[in-house]
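Heads up, the sequence shown is in my numbering, so the first residue is 48 and it goes up one at a time. First up is the structure itself, then whatever we jot down about it.
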Amino acid sequence: MSKPDAKAAVANKYLVTDTTKKKINFPTLPANINRLFYVQRDPNTNTIVYELNMGANGELNTEEPMHVYWIKYNEHGQHEELNFIQRKFAYGLTQKPLGNGKYDIRFVSYKKFALTLMKSADGKYHIYATIAQKQAILNRIFVKIEGGSFWLPNVVYVELKGTDPATGQEIVDRFKP
């Protein structure tokens, strides 16, 4: 094989590899008045939903203000609670009252990312986070994972999407944890 043919073979190898990568189309969640934000990640469309934990009386559960669960889109779209390992080591939250109806919220798997649950000027609860160095209402998190293991996934990046509460504009930021 001549050198140009070898280059063509290598180029074709990469083309085949690139075209065989599975592209995932993530669903947009329907409106839900209690949903605060959601997390989607590779390798499937299953979505973790973080919503207000409202009691039967319509009041916020002050002991555990947020409820976390799955929407299993790659199965039948059913809702499922997080299992013990997911709740304690991956997608669960620590939830601590700060007073005046505010709560410090942290992911159990990434405690340095501070979230604040509080009412905004519209009288509704929202999750606030720092996105692109601005305080914003968090709407969505996407986690790009390539390989790794169950306990130590290789996180390529985390993308945050939120809304600037002053202007209503979308704010997006990516970082490598």
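Every residue, glycine too, gets a C-beta built ideally from N, C-alpha and C. Quantities reported herein were computed from a predicted structural model and do not represent experimental measurements.
Three or more beta-carbon pairs drawn from the region 78 to 95 and the region 180 to 195 are found closer than 8 Å, and the two stretches are therefore classed as touching. By alpha-carbon distance to P200, the top candidate from L145, K191, F160 is K191. Secondary structure of K135 (DSSP, three-state): helix. The beta-carbon distance between M101 and N108, rounded to whole angstroms, is 7 Å. This is short enough to meet the 8 Å contact definition. Distance between P74 and K119, taken at the CA atoms: about 11 Å. Proximity to E98 across Y172, V203, T177, K208 peaks at Y172, based on C-alpha coordinates. Secondary structure note for W117: its beta strand (DSSP E) is the uninterrupted segment 113 to 119. Non-local C-beta neighbours of S156 in its own chain, meaning closer than 6 Å and more than five positions away in sequence, comprise A137, ordered along the chain.
With 16 or more other CB atoms across the displayed protein chains lying within 10 angstroms of its CB, T94 is buried.
Burial check for R221: the Cβ neighbour count within 10 Å stays below 16, so the residue is exposed. Taking the Cα of T214 as reference, the smallest distance to any Cα among E206, V203, A168 is reached at A168.
In the DSSP annotation of this structure, the continuous segment of the beta strand (DSSP E) that includes D220 starts and ends at 217 to 222. Inter-residue distance for D151 and E122 is about 33 Å (C-alpha atoms, whole angstroms). When DSSP states are grouped into helix, strand and coil, E206 belongs to the strand group. DSSP places V155 in no beta strand (DSSP E); its state is neither H nor E. Residue E111 holds the alpha-carbon nearest to the alpha-carbon of R153 among N104, S196, K223, E111.
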